[in-house]
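Peer 1: Numbering (the working numbering), first residue to last: 601 to 803. Ideal Cβ positions, reconstructed from N, Cα and C, are used throughout, including at glycine. Note that the structure is predicted; figures quoted are calculated from it, not measured. Below is one structure. I have some questions about it.
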Amino acid sequence: MNRSDSSEPSNTKVQSPQFWENGWYRFARRLPSPNFGARPAGICIDLIVMHSISLPPGSYGGYQVQQLFTNQLDWNAHPYFKQIEGLEVSAHFYVGRNGDLWQFVSCDNRAWHAGASSHQGRGNCNDFSIGIELEGLEGDTFEAAQYETLQTLLPCIAQQYPIAHIAGHEHIAPGRKKDPGTGFDWAQLQRCSGLTDQCFPES
Ligand SMILES: [Zn+2]
């Protein structure tokens, strides 16, 4: 049905505010990061970027990713951390292997997840995207609980922001990034998100 059909009740979007408060999703654990900035004035937030991360890579269930995104990681705690020492990054959301959902930056602000990137000719994807990190590793598969969290989160984001595209970090920074990687099931994401074919990367 056409959403602008006049037979629809005029208050169909009235439920949005209960899920969001100034760009913060009500059902995520809030862990504010200092790593963010203002989005360019008037920008249309129409892209979701999917990532995977684990620290050290392949180690699941710890708190190191949350520490990294809030500049609390002890660079001496593991040899791998020395390779990323001083890195200041963030994402809007992080989904643990058990489906736990964390938020670090208001979606109204610009998080630092994409780096040098381009989507359909537009550079600086951080300006106009929402970044979602999944606890995982390039090449590894992801847990049912993580897709279940996305099943709830993605429609809520799409209700609040004019999302037209979902891409992987690997799609917007090809050659430089490989996440979320071959183990991520885009077809399952599409089924569970309820978003249309046109939103997804061409496979
Ligand atoms: Zn990434």
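1) Take Arg630 as the anchor and find which of Leu687, Asp700, Lys682, Ser659 has the nearest alpha-carbon.
2) Can you give the beta carbon distance from Gln746 to Leu737, rounded, assuming they're within the 8 Å contact cut?
3) How would you label Ala767, buried or exposed, when you count the other beta carbons within 10 angstroms and need 16 or more for buried?
4) Regarding His771 and ligand 1, is the C-beta to nearest heavy atom distance less than 7 Å?
5) What do you reckon, is the C-beta of His692 under 7 Å from a heavy atom of ligand 1?
6) Quick one: measure Cβ to Cβ for Gln664 and Tyr694, integer angstroms, because I've assumed they're closer than 8 Å.
7) Would you call Asp797 buried or exposed, if buried means 16 or more other Cβ atoms sit within 10 Å of its Cβ?
8) Please tell me whether, using a cut-off of 7 Å, the distance from the CB of His651 to the nearest non-hydrogen atom of ligand 2 is below it.
9) Look up Met601 in the DSSP assignment and say whether it is helix, strand or coil.
10) How close, in whole Å, do the beta carbons of Asn635 and Phe669 come, if the pair is a contact with beta carbons under 8 Å?
11) Within 10 angstroms of its Cβ, does Ile643 collect 16 or more other Cβ (buried), or is it exposed?
12) Scan the stretch 662-725 and note each continuous alpha helix (DSSP H) run of 4 residues or more that stays entirely inside, going in chain order.
13) If you count every other CB in all the chains shown that lies within 10 Å of the CB of Leu753, and 16 or more means buried, which is it?
14) For ligand 1, is there any heavy atom lying closer than 7 Å to the beta carbon of His713?
Peer 2: On the basis of the coordinates in this document:
1) Numbered from its first residue, the sequence shown carries residue 630 at position 30. For the residues Leu687, Asp700, Lys682, Ser659, the minimum Cα distance to Arg630 belongs to Asp700.
2) Within the sequence shown, residue 746 is the residue found at index 146, counting from 1. Within the sequence shown, residue 737 is the residue found at index 137, counting from 1. Actually they do not touch by this definition, with Cβ atoms about 13 Å apart.
3) Taking the sequence shown and counting its residues from 1, the one referred to as residue 767 is at position 167. When all chains shown are included, Ala767 counts as buried.
4) Working through the sequence shown from its first residue, we reach residue 771 at position 171. Outside the cutoff, so no.
5) On the sequence shown, residue 692 is found 92 positions in, with the first residue counted as 1. Result no, Cβ not under 7 Å from ligand 1.
6) In the sequence shown, the residue the question calls residue 664 occupies position 64. In the sequence shown, the residue the question calls residue 694 occupies position 94. Their Cβ separation, rounded to whole angstroms, is 11 Å, which puts Gln664 and Tyr694 out of contact at 8 Å.
7) Taking the first residue of the sequence shown as 1, we reach residue 797 at position 197. Counting Cβ neighbours within 10 Å, Asp797 comes out exposed, since fewer than 16 surround it.
8) This structure lacks ligand 2; its bound ligands are ligand 1.
9) Reading the sequence shown from its first residue, position 1 is the one you call residue 601. Only weak support is given to the placement of Met601: the predicted model assigns it a pLDDT of 43, under 50, and the question is left unresolved by the model.
10) Numbered from 1 along the sequence shown, position 35 holds the residue referred to as residue 635. Numbered from 1 along the sequence shown, position 69 holds the residue referred to as residue 669. Confirmed, about 7 Å.
11) By 1-based counting over the sequence shown, the position of residue 643 is 43. Answer is exposed; the Cβ neighbour count stays below 16.
12) 664-669, 679-683
13) As a first step, residue 753 must be located in the sequence shown, where it is residue number 153. Buried: at least 16 other Cβ atoms inside 10 Å.
14) Within the sequence shown, the letter at position 113 stands for residue 713. His713: yes, Cβ under 7 Å from ligand 1.
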